[in-house]
Amino acid sequence: MPVVQTRQLTRTYNPDTIPVHAVRQADLCIEEGEFTSIVGPSGSGKTTLLNLIGGLDRPTSGSVHINGTDITGMSDSKLIDFRLWHIGFVFQHYNLIPVFSARENVAFIMLLQNRDKDEIARRTDELLDEVGLEKRKDTRPAQLSGGEQQRVAVARALACEPKIILADEPTANLDTTAAMNLLDIMTRMNREKKVTFLFSTHDQRVIDRARRVVRMLDGAIVEDSCHEG
Amino acid sequence: MLTLLTLSWRNIWRHPGRSGALLAAIIAGLWAGCLTVGAMNGMLKQRLDYLINNEITHVQIHHPQFSRDPYPRHAISGGDQIKSWLEQDQRVGNFSFRTLTDGMLQSAIKTSGVRIRGIDPPSETRTTRFHEHLIAGDYLEAQVRNPLIMGQSLAQSHNLDIGHRIVLVFETLDSELTAAAFNLVGIFSSASEHYDNANVFVRADDLKGLLGGEAIVHEIAMMLHDADQAATVAADLNAEFTGIIAQPWHELSPELQTLVDYGQVMLLIITIVIMLALAFGIINTMLMAIFERLHEIGMLISVGMSRVRVLAMILLESLILTLVGALTGMILAAVTVTWLKERGINLELFASGLAEIGYDTIIYPFLQPGEFVLIVFVVIVVTLLASTYPAIKAIRIDPLEATKGK
């Protein structure tokens, strides 16, 4: 069963006035364990497609299935709950909770899931160790570098044990070293733990690591190619 | 819940200056509000106690027509039976029989209209505390013929002093005018200058003789062991005796009840003003906090925090901030009011104005425990109501905000 399946997915802004076709009839199938980049120039619809797959935006037509569940018609509250349990997000601007430490940011998702406290503590430590932040666990985001913040964001995204992690331009604000470091971590997670990653990016460093590249232009998928990342 | 509490608490202190300013406003507002309410309570209670203890007592008995037409002929009949009833009733503490009439006071320089109060000094001293206002001379105990005491302001306006003589002119039981000379033996100064100008005290026996009747009584004033029994005792007296009317203090002096009601209205107005300021402060602070955190709240909703939890987070932030401020403000107010309850607030600066309306120049503020509880309750309700609008704004935030540039 594919982790992500979109069918004729379309998102049109201002349909009644001057329509802007952000995504046009996109058909996309992502299998478990894939490491996929959605690429294309600015305004090509990468982020919109990612938002539709993540249930942050609603399609004008078409459907999105995550792990076999159609999320297109879900109510807002069910969709929020679905995201909590099935989808991890990594944002371009990290979007950590500034008043929480790295540890608390990662634990927060599991607390929302009402998991056992001991399990939360153990898993938080494991995740932060895996992203190389074992010595920065109690540091707040403002005291972390951009690369470190994004690694916390990855650990947070992994915390809910999602079916897929959606990452919107995750390296856009990072220098080369931090970006390569982050990509190493994500590649390792994908390879060792079979975590499925779907990026939107125009960063060649990310594209080079991806095993599958989906190219978009003017809202439509124009190319879908696989190669060794 | 603990996580939400932690998150809310830390969010509050994200901008210490802004939260501190709101906290300071809440503390200052509640402190000032409690102090004002306490001072008002003190003023009203002192005025109420003063009037009851010095003038009107808990219950008074009159001839049914006396209050409308205070002629000497409208005297109470059956005084002896009433006296024995009062002596036997366990609820009654002390009582005093008074003979009253209105008349003119003539001195060498002018004439003034006064109420002439004929009293029995020993029983009056047991019943009221008016004798404590005597500032010169004695309380009608002088061994002179027709002794009289009057207010300081009245004495000054007539240029009178102890030992001087004046003439009182009034109507007898037969509706004839009579005049008699009285000797000024004492001067009092009560809290009310108006009262001091309008009343003189003489011995009841002297007045009775001049009015033309030996057993003439116009007013029986009594103090009870429990002030709350006033209405019941008055009702029992009215049921027991005919030809009289017994009235509790709030019927005798409706203005006193008005004063109490007025105090409650003022309390309400002060509370509303403070709560409105509090509400606008909360709305302003929380709206600013939310608009600054659009991305963050969008992110929280994106990663799976339900909108109910977002609502709870915003309400908790407001509630914690307000409760910290309110409790601090009220502890400060309680300490201040307790301190001032012993020492009083000296309003000597406004002494003449306060005397005109019958208030003491030293106010002893106090707050009832119930008022503290009420204020905390109202603060919580107002906070929750005021933070509802910002909280609704917060839960309507689109999770897509999380993906937008900062």
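Sequence order for the protein chains is H and W.
For the first sequence, the positions run 14 to 242 when this note's numbering is used.
For the second sequence, the positions run 47 to 452 when this note's numbering is used.
Ideal Cβ positions, reconstructed from N, Cα and C, are used throughout, including at glycine.
Check	Outcome
Applying a beta-carbon distance threshold of less than 9 Å, which residues of chain H neighbour residue 394(W)?	Ordered by position in chain H, no residue passes the 9 Å Cβ test against residue 394(W), which lies about 52 Å from the chain.
Under 8 Å, Cβ to Cβ, is there at least one residue of chain H near residue 66(W)?	no
From which residue to which residue does the beta strand (DSSP E) around residue 193(W) run?	193 to 197
At a threshold of 7 Å, does residue 136(H) count as lining the ligand FMN (C-beta to nearest heavy atom)?	The model on display carries no ligand, and the ligand FMN is accordingly not part of it.
Give the DSSP-derived three-state secondary structure of residue 242(H) in the structure shown.	Interpretation of residue 242(H) is limited by its pLDDT of 48, a score under 50 that renders its predicted location unreliable; no figure is taken from the coordinates.
Can you tell which of 162(W), 175(W), 273(W) has the C-alpha that lies nearest to the C-alpha of residue 226(W)?	162(W)
I'd like to check one pair, residue 216(H) with residue 170(H): are the Cβ atoms closer than 8 Å?	no
Would residue 146(W) pass as a contact of residue 160(W) if the rule is Cβ separation under 8 Å?	no
Pick helix, strand or coil for residue 413(W), following the three-state DSSP scheme.	coil
With burial defined as no fewer than 16 other Cβ atoms inside 10 Å of the residue's Cβ, what is the status of residue 62(W): buried or exposed?	exposed
Quick one: complete alpha helix (DSSP H) runs, 4+ long, within the region 372 to 404 of chain W?	397 to 402
Spatial neighbours of residue 158(W) within its chain, please: CB distance less than 8 Å, with the 5 preceding and 5 following residues excluded, ordered by chain position.	150, 151, 200, 203, 204, 243
So if I threshold CB-CB distances at 7 Å, which residues from the region 41 to 68 of chain H count as touching chain W?	60, 64
If you follow the beta strand (DSSP E) that residue 269(W) is in, where does it begin and where does it stop?	265 to 270
Can you tell me where the alpha helix (DSSP H) holding residue 95(H) begins and where it ends?	89 to 99
So, helix, strand or coil for residue 177(W), using DSSP?	helix
So for residue 14(H), helix, strand or coil by DSSP?	coil
For residue 162(H), count the other beta carbons within 10 Å of its own beta carbon; 16 or more makes it buried, fewer makes it exposed. Which is it?	buried
Below 8 Å on C-beta distance, what does residue 244(H) contact in chain W?	Within the shown structure, residues of chain H are numbered from 14 to 242, placing residue 244(H) beyond reach of any answer.
Any beta carbon from chain H within less than 8 Å of residue 99(W)'s own beta carbon?	no
Using only CA atoms, which one of 64(W), 237(W), 268(W) lies nearest to residue 396(W)?	237(W)
Check for me: the alpha helix (DSSP H) holding residue 407(W) runs from which residue to which?	It is not in any alpha helix (DSSP H) - residue 407(W) carries neither H nor E in the DSSP assignment.
Measuring CA to CA, which of 76(W), 284(W), 398(W) is closest to residue 382(W)?	76(W)
Got a sec? Which residues, its chain only, sit under 8 Å from residue 362(W) by beta carbon, not counting five neighbours each side?	50, 51, 54
Classify residue 214(W) as buried or exposed, calling it buried when 16 or more other Cβ atoms lie within 10 Å of its own Cβ.	buried
Between the region 127 to 145 of chain H and the region 72 to 88 of chain W, do at least 3 Cβ pairs fall closer than 8 Å?	no
When DSSP labels each residue in this structure, what does residue 144(W) get in the three-state scheme?	strand
Closest Cβ-Cβ distance between residue 384(W) and chain H: below 8 Å?	no
If you reduce the DSSP assignment to three classes, tell me which class residue 8(H) lands in.	Within the shown structure, residues of chain H are numbered from 14 to 242, placing residue 8(H) beyond reach of any answer.
Check whether chain H comes within 8 Å of residue 413(W), counting only Cβ atoms and requiring the distance to be less than that.	no
Tell me which same chain residues have a C-beta within less than 7 Å of the C-beta of residue 237(H), skipping the five on either side of it?	227
Based on Cα-Cα distance, which residue from 67(W), 59(W), 71(W) lies nearest to residue 321(W)?	71(W)
Where do the ends of the beta strand (DSSP E) carrying residue 40(H) lie?	33 to 43
Residues of chain W with CB closer than 9 Å to the CB of residue 97(H), please, in chain order.	349, 350, 351, 352
For residue 90(H), return the contacting residues in chain W, with the cut-off set at a CB-CB distance below 9 Å.	352, 353, 354
Strictly below 9 Å CB to CB, what residues from chain H border residue 60(W)?	111, 112
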